[in-house]
Amino acid sequence: MGRDISKLHPRLQKTIAQLQEVCRNENLALGIGECFRSVEEQDELYAQGRTKPGAIVTNAPGSSYSSQHQWGIAFDFFKNVSGHAYDDDEFFARVGSLGKSMGLGWGGDWSSIVDRPHLYLPDWGSTPAKLKEEYGTFEKFRETWSGSGAAAGSGTASGSGSVIVRDGQIHANNFCGAGIVPDGIRGSRTKKAGIKVLQYAMNLDYRAGLAVDGIWGTKSRQALGNHYVRRGEKQYLVTAAEILLMLKNYAVNGVESPGIFGGGLEQAVKSYQRAGGLSVDGIAGPATFLSLIA
Numbered sequence: 003m004g005r006d007i008s009k010l011h012p013r014l015q016k017t018i019a020q021l022q023e024v025c026r027n028e029n030l031a032l033g034i035g036e037c038f039r040s041v042e043e044q045d046e047l048y049a050q051g052r053t054k055p056g057a058i059v060t061n062a063p064g065s066s067y068s069s070q071h072q073w074g075i076a077f078d079f080f081k082n083v084s085g086h087a088y089d090d091d092e093f094f095a096r097v098g099s100l101g102k103s104m105g106l107g108w109g110g111d112w113s114s115i116v117d118r119p120h121l122y123l124p125d126w127g128s129t130p131a132k133l134k135e136e137y138g139t140f141e142k143f144r145e146t147w148s149g150s151g152a153a154a155g156s157g158t159a160s161g162s163g164s165v166i167v168r169d170g171q172i173h174a175n176n177f178c179g180a181g182i183v184p185d186g187i188r189g190s191r192t193k194k195a196g197i198k199v200l201q202y203a204m205n206l207d208y209r210a211g212l213a214v215d216g217i218w219g220t221k222s223r224q225a226l227g228n229h230y231v232r233r234g235e236k237q238y239l240v241t242a243a244e245i246l247l248m249l250k251n252y253a254v255n256g257v258e259s260p261g262i263f264g265g266g267l268e269q270a271v272k273s274y275q276r277a278g279g280l281s282v283d284g285i286a287g288p289a290t291f292l293s294l295i296a
């Protein structure tokens, strides 16, 4: 079975990189297992417990293209400790929780064949039925990956849009009344909503007196000044950082108002800074905020 992460959807590749970084910081020995599977590999797995020895681990034969692995939107993980790859329930629960906080779906939540080592992009539900209906074949779906923006965190996803961006749009609406349709697509209205989020946060934190209009002008830039937020701080500017990262398709560990700058947000900021060629310090300062609203 394949363990080549590069064969997965670009946005999933980026989320895996974020998950690996967070797991390293928590001293979780994360190992990446099966990624993309061919028809033959899926048929081989389907035979287990049926025509070949072993327990049944999948209800999806390869010819049906009913496994998420066959569409490049899922991967399996394990505990990278010799002799203990799958015997630590707390490990799988924690990694599953981290994956969910980054916008992934977790097989541990399934009721039919609970799959605790399985994480996936949930944009199309918990099965590939919608993918099969919309694209027919994996090859046609794969053609839509070009320009998905995963490496740069653009937030644009194929099909129905990004779940992370959509949730960010909902938070923007709730936080400052941005008034946008949560479609998961980072278009001009979503960019304007991001500016509104930052303007509103500066009004709350610094009494900036800005018009929350989504137009970034001289007054908004002066209000931002040299303000920054870092780990341990509690401000509405933290809330803005959380929402703005989501609008760029970067998962954060929840959104609070006012926000508390924790480890999950720090890692998301670092990942964004690294991808954007910014100074990687985990601090959301003027350069990072200006990049986030661009």
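With this note's numbering applied, the sequence shown covers 3 to 296. Glycine included, each C-beta is placed from N, C-alpha and C at the ideal position. Fair warning: this is a prediction, and the values are worked out from it, not measured in the lab.
*May I ask you to report which of helix, strand or coil DSSP gives Ala286?*
Within the sequence shown, the letter at position 284 stands for residue 286. The answer is strand: DSSP assigns Ala286 an E or B state.
*Can you tell me the Cα-Cα spacing of Ser190 and Lys54, whole angstroms?*
Counted from its first residue, the sequence shown places residue 190 at position 188. Counted from its first residue, the sequence shown places residue 54 at position 52. Distance between the alpha carbons of Ser190 and Lys54: 54 Å.
_Contiguous alpha helix (DSSP H) assignments of at least 4 residues, all confined to the region 152–216_ = List check, alpha helix (DSSP H) in window: 165–178 and 190–208.
*With 16 other CB atoms within 10 Å as the buried threshold, where does Ile18 fall?*
The residue labelled residue 18 in the question sits at position 16 within the sequence shown. In the assembly as shown, Ile18 is a buried residue. Its beta-carbon has 16 or more other beta-carbons within 10 Å.
_Taking only three categories from DSSP, how would you classify Trp126?_
As a first step, residue 126 must be located in the sequence shown, where it is residue number 124. Trp126 falls in the helix class under three-state DSSP.
_Between which two residues does the alpha helix (DSSP H) holding Asp91 run?_
One-based indexing of the sequence shown puts residue 91 at position 89. Taken as a continuous stretch (DSSP letters only), the alpha helix (DSSP H) holding Asp91 covers Asp91 to Ser103.
*For Asp78, write down the residues that DSSP places opposite it in a beta bridge.*
Numbered from its first residue, the sequence shown carries residue 78 at position 76. DSSP lists His120 as partners of Asp78.
*Whole angstroms is fine: what's the gap from Met248's alpha carbon to Asn27's?*
Here residue 248 is taken as the residue at index 246 of the sequence shown, counted from 1. Here residue 27 is taken as the residue at index 25 of the sequence shown, counted from 1. Their Cα atoms are separated by approximately 21 Å.
*Count the other CB atoms, across all protein chains shown, that sit within 10 Å of the CB of Arg209; report buried if there are 16 or more and exposed otherwise.*
Indexing the sequence shown from 1 puts residue 209 at position 207. Answer is exposed; the Cβ neighbour count stays below 16.
_Among Thr241, Thr192 and Ser114, nearest to Phe177 - alpha-carbon criterion_ = Taking the first residue of the sequence shown as 1, we reach residue 177 at position 175. Of the candidates Thr241, Thr192 and Ser114, the residue whose Cα lies closest to the Cα of Phe177 is Thr241.
*Where does Gln15 fall in DSSP's three states?*
Your numbering for residue 15 matches position 13 in the sequence shown. Here Gln15 sits in helix by DSSP.
_For Ile34, report the span of its beta strand (DSSP E) as first-last._
Here residue 34 refers to the residue found at position 32 when the sequence shown is read from its first residue. First-last of the beta strand (DSSP E) with Ile34: Leu32 to Ile34.
_Alpha carbons only, please: which of Glu43, Gln70 and Gly170 is nearest the one belonging to His11?_
By one-based count along the sequence shown, residue 11 stands at place 9. His11 has its Cα closest to that of Gln70, out of Glu43, Gln70 and Gly170.
_Less than 8 Å between CB atoms is the rule here; does His229 satisfy it with respect to chain B?_
Given the protein chain composition of this structure (a single chain), no chain B is represented.
*Nearest-angstrom beta carbon gap, Tyr48 and Lys134 [assumed within contact, 8 Å]*: Locating residue 134 in the sequence shown gives position 132, counting from the first residue. Locating residue 48 in the sequence shown gives position 46, counting from the first residue. Contact between Lys134 and Tyr48 does not hold, since the beta-carbon distance rounds to 17 Å and is not under 8 Å.
_For Lys236: DSSP bridge partner residues_ = As a first step, residue 236 must be located in the sequence shown, where it is residue number 234. Answer by DSSP bridge pairing, in chain order: Ile262.
*Can you tell me where the alpha helix (DSSP H) with Ser222 in it begins and where it stops?*
In the sequence shown, counting from the first residue as 1, residue 222 sits at position 220. Note, Ser222: alpha helix (DSSP H), Thr220 to Leu226.
*Buried or exposed: where does Lys16 fall if 16 or more other Cβ atoms within 10 Å of its Cβ makes it buried?*
On the sequence shown, residue 16 is found 14 positions in, with the first residue counted as 1. Lys16 counts as buried, since no fewer than 16 other beta carbons sit within 10 angstroms of its beta carbon.
*Note down the Cα distance separating Ile7 from Phe77, rounded to an integer number of angstroms.*
As a first step, residue 7 is located in the sequence shown; it is residue number 5 there, counting from the start. As a first step, residue 77 is located in the sequence shown; it is residue number 75 there, counting from the start. Each residue's alpha carbon lies about 8 Å from the other.
*Which value, in whole angstroms, describes the spacing of the CA atoms of Gly105 and Arg276?*
Here the question's residue 105 lines up with position 103 in the sequence shown. Here the question's residue 276 lines up with position 274 in the sequence shown. Taking the straight line from one Cα to the other gives about 20 Å.
*What residues in its chain sit with their C-beta under 7 Å from that of Asp207, if we drop five residues either side in the sequence?*
Position 205 of the sequence shown, counted from the first residue, corresponds to residue 207. Excluding positions up to five away in sequence, the list reads Gln237, Tyr238 and Leu239.
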